[in-house]
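Everything on this sheet refers to the single structure shown next.
Protein chains: 6
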Amino acid sequence: MSQLSDIIDALKPVSTATITTVLLKLGLRRVWMRGTRPLRPGQPRTVGRAFTLRFIPAREDLATPASWSSPRSTRAAIEEMPPGSVAVADAMGVTDAGIFGDILCARIKQRGVAGLITDGAVRDTAGVLKTGLSVWCGGAAAPPSVASLTFVNWQEPIGCGGVSVYPDDVIVADDDGAVLIPAALVEDVVRVAQEQELMETWIMDEVLKGASLPGLYPPNEDNLKRYKDWASRR
Amino acid sequence: MSQLSDIIDALKPVSTATITTVLLKLGLRRVWMRGTRPLRPGQPRTVGRAFTLRFIPAREDLATPASWSSPRSTRAAIEEMPPGSVAVADAMGVTDAGIFGDILCARIKQRGVAGLITDGAVRDTAGVLKTGLSVWCGGAAAPPSVASLTFVNWQEPIGCGGVSVYPDDVIVADDDGAVLIPAALVEDVVRVAQEQELMETWIMDEVLKGASLPGLYPPNEDNLKRYKDWASRR
Amino acid sequence: MSQLSDIIDALKPVSTATITTVLLKLGLRRVWMRGTRPLRPGQPRTVGRAFTLRFIPAREDLATPASWSSPRSTRAAIEEMPPGSVAVADAMGVTDAGIFGDILCARIKQRGVAGLITDGAVRDTAGVLKTGLSVWCGGAAAPPSVASLTFVNWQEPIGCGGVSVYPDDVIVADDDGAVLIPAALVEDVVRVAQEQELMETWIMDEVLKGASLPGLYPPNEDNLKRYKDWASRR
Amino acid sequence: MSQLSDIIDALKPVSTATITTVLLKLGLRRVWMRGTRPLRPGQPRTVGRAFTLRFIPAREDLATPASWSSPRSTRAAIEEMPPGSVAVADAMGVTDAGIFGDILCARIKQRGVAGLITDGAVRDTAGVLKTGLSVWCGGAAAPPSVASLTFVNWQEPIGCGGVSVYPDDVIVADDDGAVLIPAALVEDVVRVAQEQELMETWIMDEVLKGASLPGLYPPNEDNLKRYKDWASRR
Amino acid sequence: MSQLSDIIDALKPVSTATITTVLLKLGLRRVWMRGTRPLRPGQPRTVGRAFTLRFIPAREDLATPASWSSPRSTRAAIEEMPPGSVAVADAMGVTDAGIFGDILCARIKQRGVAGLITDGAVRDTAGVLKTGLSVWCGGAAAPPSVASLTFVNWQEPIGCGGVSVYPDDVIVADDDGAVLIPAALVEDVVRVAQEQELMETWIMDEVLKGASLPGLYPPNEDNLKRYKDWASRR
Amino acid sequence: MSQLSDIIDALKPVSTATITTVLLKLGLRRVWMRGTRPLRPGQPRTVGRAFTLRFIPAREDLATPASWSSPRSTRAAIEEMPPGSVAVADAMGVTDAGIFGDILCARIKQRGVAGLITDGAVRDTAGVLKTGLSVWCGGAAAPPSVASLTFVNWQEPIGCGGVSVYPDDVIVADDDGAVLIPAALVEDVVRVAQEQELMETWIMDEVLKGASLPGLYPPNEDNLKRYKDWASRR
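Below you can see the structure in the form of structure tokens.
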């Protein structure tokens, strides 16, 4: 299952809620990115390997429109993003400038990138929504990135929303926000998460039939047996 | 009018804006819960007696998935919630873990609970929305409650969004958020609030006819007389 | 172009994102109001001269419902708002009381005011939305303004969302929030902004045709020439 | 006792803790300024009538070193401060620029001003401490005020640390911070506060002799009688 | 070593920095209370079993000076505190009212309580310092607790500074703040912490002799052997 | 004057307040690091070239005591710090873990480093103070860095307290906090700052003689002439 496309197929039906539960059982608590919400509620769940971008605070002698032509610019970074990746931008939680607007998001979409995650903001929200790119961010802000931020580099380890992200870690994002699966743990997580989703489907059915929670969620021995019978019959 | 069903009927058409104005005139300023918004904008106004839940911070030796089977668990608490009550959960304003997800909300809904209010977050937002339970909360977060919180007890006095809530206080929630009416003041509030809603209906009509505000809102003697005539003719 | 109506016509198609970029090039970085979002996403872009309102914190001996009849009240201020203006209220970022509700917003709308901007909250959200007034604010809150704020005066210099606003500065607001154009700079901004919007239209077309970003945005010499050809042929 | 010097004499031995208790009993809860601490712990308690100063956010076209020569400058304001007054500056809670440094504080001290209170910061702390002026503030910051703030006016109603301050209200500041007594209530507060200080002296004596708290603080009937005997014998 | 006095003796020379390192190795990360600092820098390290106090937000109909005579008052709680205990008060992080002033702190000191920890504030700082009670808190504030808080109960599980505290957990506080050792882990922590303090003493000696850090801290095999020789010779 | 030692000599008597004023006149507003205060008030002004350190959030699978032996560890970084440099650590503003304690600070001091600046915290404050290293930080915290942070690298561009810092920029820190002078501007800043310090000395003398501020600070033509006479006679 080590192929990216297989991982993506396996994770597509798994909620970020389930993934964080599985990671917690593995001892990982810092995997959900604070302050990053879907720009369009209900946009499809997005899965892919992280392509990281790093910003630091603006400095008037460095962060100028002229810097947009530099070889270390966000423009150059975008051209390096592989199809299917998820761009994750460390904006240091700064939400009073938009890191990307409609033109950059249109190009990211064109390159086949699966989504954009940032603890910062985007700008020209109406235009960004038109590009169809799935975006998770901390809000909308009119000012350009250079008003508050200086772009530094791509594919470095970053922090985003209180989570450390290394290039090629796997990102999953849905209406609850964005979570990280460390690259080394992806296969374990997929296996356990699929099992858990199945069990929760059964539990939800029971609840909808009127069952009470104690002994059901999590299941006691009897209910575990009933679940396994049900699962084996599927 | 001391029957709960009568109170609910009387409060259903009254906005939280009106209730806070009435309570302010009675000297109560701390009745609106900060940081708790409707999960689905436009969901129906919800009224009921408070059923309280209390969380404290997580501790790795206590807040584990195993704790979900404890007799002091959220599961046990849910089974104690009476139909028509409003569950109010003190999550200490922590919004990086979801106190409840789709399964628990489905069970709460099944029990006939009128709504869920918390200064924390919920998880599996898409699933929670499907249950049809009316929820006011501080956001959505993927991680399970045990990642940040430990459940302690139910039906204790709590703080929620900066407001103290005792079991059986009355909660009203609409698009402006959730407010508390102390149990002892409910009947007074209902009576005055109904009168105020009526007067504001008349004032709004006047405004829509082009009247200017000074002397109208609040009404001077002349306008008060005009209002009373109008009210008596209804 | 110094007529207000001409300025408004010229600014209507210009995004706040573009305006902040133009102002940044003129050396102005503090023009976007933090913590003020559209009450109804997608509401039309709004342009007009600022009519300012100033609140300070509530004091129990001053901020009472009785104060609503004072000649220095919000009611009196509203009657001074000229048609086409944009009301900008300095609520000191306080979002646990609503500065205006449905009745006051209805009157503001009746007076032909173009919109309301505040770093505070509004109340009776459902009613405010019904008035049709375009509102940018920091949220919804049930309590009346007097629960947290005292109204002081109108048409004074104020701060709103970290931006200083003087009467008659020009305000533009869209889905990215609200920005300020100092009165003295409006004509310069309009001229440059229109040119930039045109160029960005051309760049977006190029991106949608598959062009990569370096050398295009911002354009190098070649692309600048191509753009000018295109612009001259329109 | 309406003479300022008498009020000051009467309030000098009264702690801000006692004053806030007295004001609470009168129904005033918003009188203690958040985010303003003594610059030098242990500096003497300061009492005087408020002289207000108002800042709004900086704007690059307005807040320049050149503005320091304007007739509306902080320099002009300082020359208006009466001896014995307490300067109270509304810096909107901005603590990343210092509103005053050593030179301005030296001049304020020279004018006989009793103290400076702000929810902002001061700069050149070492120099300010040398001037001997008693300062309560939100911290120290190197940048000049114009880096973040624009001075607007003096002797207007302001907000400082969440408290509304009108010119001539009375300010008392000690190691617990700064509190406001509305001008109209000063005489009442002085009378009750002196009585309360006396009773608390007696209660503290009792505690130091080993008395337990219930029935003592606040005193029950017996203890009240004992206190009155003690007080009458002084 | 299970006697409290033995534990205290053993923990007195151990820094909170060392204790948190030991607990981290045991998997506990949430043990340091945020927002609680020594009231008097350099006050002696304090150790004892937790006696918990719980506050919720103020409500004008409940939080009155009259409530100070209630059997559920802070006064009654203080009389239950055993000598040698550490009072830990959950003030919900509210720092705009002081939970205790000089009189209550004097009584706490009289009862032989080892210290007071809170994520809230104290009042009458000058008076509290005179009592000699060691206090860790979030600041000083003049207003009485009832201005913002209502006391609920004692010896319940609480949250303080983001840490869950159960009665009889062990608290250690020094200039780095206050940390919790779960009751069940105290003996393990003491044993490991003493060993670690000894090793850090040796490492610090080496650093002061000019040794470089890699291989020393943490020690590689060679340095571990050198340390063990040194330790065995003591 | 391009020798580091000359720059340091020239900057030693210049306050950070003066440096920020000079940089503001050059158009640089983001040079003062928020949230970093002297650990010991009154510690000597510190000047040197920046040696940068970068942390990202902790991840349980990465941030372990074991990581302290990695070649990318803080230990290795410390051994690279040149004498006379100022270590500047980007801790992302996280103040609930201490990046360095007594042992690491002792080694930094041993290497002849001039000071340590961070927007994070230090731990074992008492021990750090004993090392004699000058530290500016956001507070004290008992937990080790790995409880909240993962060290990534040294000598990269970083953000610290909202300021971007590149290796070899010049840092000056005093009781007002820490400021940055971009490497390319150091000589300009030194020259202007020395002139300004001299003028402020003269102005302060005038104030202490009783001069009023308007026309003096900043000086009008007459006063400028008087100052120049005074300066030329020195």
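Residue numbers (the working numbering), protein chains in the order written: chain A, 6 to 239; chain B, 6 to 239; chain C, 6 to 239; chain D, 6 to 239; chain E, 6 to 239; chain F, 6 to 239.
Cβ atoms here follow ideal geometry from the backbone N, Cα and C, with glycine treated the same way.
Looking at the structure shown, is residue 144 of chain A part of a helix, part of a strand, or coil, going by DSSP?
coil
If you follow the beta strand (DSSP E) that residue 54 of chain C is in, where does it begin and where does it stop?
Note, residue 54 of chain C: beta strand (DSSP E), 51-62.
Check for me: the alpha helix (DSSP H) holding residue 237 of chain A runs from which residue to which?
226-238 is the span of the alpha helix (DSSP H), which, as asked, contains residue 237 of chain A.
Which residues, taken in chain order from the segment 120-141 of chain A, show a beta carbon closer than 8 Å to some beta carbon of chain F?
none
Are the C-beta of residue 180 of chain C and some C-beta of chain A separated by less than 8 Å?
yes
Got a sec, what are the start and stop residues for the beta strand (DSSP E) residue 91 of chain A sits in?
Per DSSP, residue 91 of chain A belongs to the beta strand (DSSP E) from 91-95.
Can the beta-carbon of residue 178 of chain B be found closer than 8 Å to that of residue 26 of chain B?
Contact flag unset, no.
Using 8 Å for Cβ pairs, my map puts residue 126 of chain F next to residue 144 of chain F. What's the rounded Cβ distance?
Confirmed, Cβ separation roughly 5 Å.
Hey, how far is the Cα of residue 201 of chain C from the Cα of residue 221 of chain C?
14 Å
Assign residue 236 of chain D to one of two classes, buried (16 or more other C-beta atoms within 10 Å of its C-beta) or exposed (fewer than that).
exposed
What is the C-beta distance between residue 38 of chain B and residue 120 of chain B, in whole angstroms, given that I count them as a contact (C-beta under 8 Å)?
About 13 Å separates the CB atoms of residue 38 of chain B and residue 120 of chain B; that is not less than 8 Å, and the two are not in contact.
Rounded to whole angstroms, what's the CA-CA distance from residue 95 of chain A to residue 106 of chain A? Just pull it up for me.
16 Å
Less than 8 Å between C-beta atoms, sequence neighbours within five positions excluded: which residues of the same chain meet that for residue 31 of chain A?
190, 193, 194
Is DSSP giving residue 197 of chain E helix, strand or coil here?
helix
So if I threshold CB-CB distances at 7 Å, which residues from the segment 203-224 of chain F count as touching chain D?
205, 208, 209, 212, 213, 215, 217, 218, 219, 222, 223
What does the alpha-carbon distance come out to for the pair residue 198 of chain D and residue 172 of chain D?
23 Å
Decide if the segment 151-163 of chain A is in contact with the segment 72-89 of chain A; the criterion is three or more beta carbon pairs, one per stretch, under 8 Å apart.
yes
Mind listing the chain C neighbours of residue 187 of chain D? Cutoff is C-beta to C-beta under 9 Å, in chain order.
64, 66, 67
Opposite residue 179 of chain E in the DSSP bridges: which residues?
Answer by DSSP bridge pairing, in chain order: E:182.
Residue range of the beta strand (DSSP E) that residue 4 of chain F falls in?
A question about residue 4 of chain F goes unanswered here, because the residues of chain F that appear run from 6 up to 239.
Could you tell me if the beta carbon of residue 177 of chain E falls within a distance shorter than 7 Å of some heavy atom in the ligand ZN?
As presented, the structure is devoid of all ligands, the ligand ZN included, so that no description of it is given.
So with Cβ pairs under 8 Å, would you call residue 15 of chain D a contact of chain E?
no
Taking residue 137 of chain D as part of the beta strand (DSSP E), name the residues at either end of that continuous run.
It is not in any beta strand (DSSP E) - residue 137 of chain D carries neither H nor E in the DSSP assignment.
What is the C-beta distance between residue 212 of chain A and residue 111 of chain B, in whole angstroms, given that I count them as a contact (C-beta under 8 Å)?
5 Å
Is the CB of residue 80 of chain E under 8 Å away from at least one CB in chain D?
So yes, residue 80 of chain E belongs to the interface.
When the Cα of residue 134 of chain E is compared with those of E:44, E:170, E:234, which residue comes out closest?
Taking only the C-alpha atoms, the option nearest residue 134 of chain E is E:44.
Check residue 188 of chain D in the structure and name its three-state DSSP category.
helix
Could you have a look at residue 119 of chain E and say whether DSSP puts it in helix, strand or coil?
coil
So what does residue 126 of chain C bridge to, in DSSP terms?
C:103.
Quick one: is residue 58 of chain E near chain B, going by C-beta distance under 8 Å?
no
Which residue marks the beginning of the beta strand (DSSP E) containing residue 169 of chain E, and which one marks its end?
168-170
So, for residue 40 of chain A: in the same chain, excluding its five sequence neighbours on each side, which residues have a beta-carbon less than 7 Å away from its beta-carbon?
98, 124, 143, 166
Locate the alpha helix (DSSP H) running through residue 4 of chain D, then write down its first and last residues.
Look at the range of chain D in this structure, 6 to 239, and you will see that residue 4 of chain D is not part of it.
What does the alpha-carbon distance come out to for the pair residue 42 of chain E and residue 72 of chain F?
Roughly 29 Å separates the two Cα atoms.
Give the C-beta separation of residue 153 of chain E and residue 234 of chain E to the nearest angstrom, bearing in mind that I take them to be a contact with Cβ-Cβ under 8 Å.
Not quite, the Cβ-Cβ distance comes to about 58 Å (not below 8 Å), so this is no contact.
Pull up the distance between the alpha-carbon of residue 4 of chain D and that of residue 54 of chain D, whole angstroms please.
As shown, chain D starts at 6 and ends at 239. That puts residue 4 of chain D outside it, with no answer to give.
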